[in-house]
Structure formats: structure tokens, C-alpha cells
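Residue numbers (my numbering): 1 to 126. For reference, the structure discussed in these notes is given below.
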């Protein structure tokens, strides 16, 4: 996700849940309402409060993005079947540097939880 408008809309109207040490803010949209193909947009962030060095923040984001990239195909297929689009932002809230195995395990749980979300009608058009 790169658009400031989309990110602001996501944080104001989206739902969230936590799988320690990650917090996920997400929103589903109907693919019919969108001018583009149904898809998956994701953003990543790490707090500079606990990680003062940019190299540490970048490393965490790189590990998290790779763990997400390896596992996202199943979620993309499910979204195509449902004709939905998903916008989400993954925030790392931990205080220690993660390793790839832990990040992959936690993101697997996150993606499974997102796949189990019920098909909901988008009523935020008002």
C-alpha cells in the first residue's frame, strides 16, 4: 500500500486483531466496487520507539515481508473465489528482533485467521 488516502481509510474504518508480536489492521472490499482486479494490498511498519536504528527496522520489515510473500498465495486464491479485495497493514509490536522461523509461523496464523473471516457486506458506503 502506498496511497496515503488508502492507508488513512484503512486505519479509520478497518478492523484489527493481534497475533503477538504483530497487529493487523484490515478491510475487505467487494471487487465489483473496485475499478481494478480483486487483490491483496499489504503494508508493513515497525515502531521506532523500540527500534531506534533504521537498520533494525528495515531488517524486521524485510523478514516479515518475506514470510508473508512465501505464504500469501492461498489467501490470494481465496479472495479471487470470493471476488473480494483485501487491504491490510501489518505492524510489528514486539521489542526484540524476530527470526524468520518465528515470523513465518506467526504470519501463517494471521493469514489463516484472515481466510476464516466471514463474507461480510461492505456497509461503510454511508
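Every residue gets a Cβ at the ideal spot worked out from N, C-alpha and C, and that includes glycine. Since the structure is predicted, the reported quantities are computational estimates derived from the model, not experimental observations.
Leaving aside the five residues that flank residue 40 on each side, the residues in its chain whose CB is nearer than 7 Å to its CB run, in chain order, 72, 75, 76, 79 and 86. By alpha-carbon distance to residue 93, the top candidate from 25, 114, 112 and 14 is 25. Residue 1 carries a coil assignment under DSSP once its states are collapsed to helix, strand and coil. In this structure, residue 27 lies away from residue 43, with their beta-carbon atoms at least 8 Å apart. Counting C-beta pairs with one atom in each stretch, the segment 106–117 and the segment 3–23 have three or more that are closer than 8 Å, which means they touch.
With respect to the C-alpha of residue 6, the residue from 96, 29, 70 and 68 having the closest C-alpha is 29. Of the candidates 107, 90 and 57, 90 places its Cα closest to the Cα of residue 10. Using a 10 angstroms sphere on the CB of residue 51, the tally of other CB atoms reaches 16 or more, which defines it as buried.
Annotation: the segment 7–88 contains the following complete segments of the alpha helix (DSSP H) (minimum length 4 residues), in chain order: 54–82.
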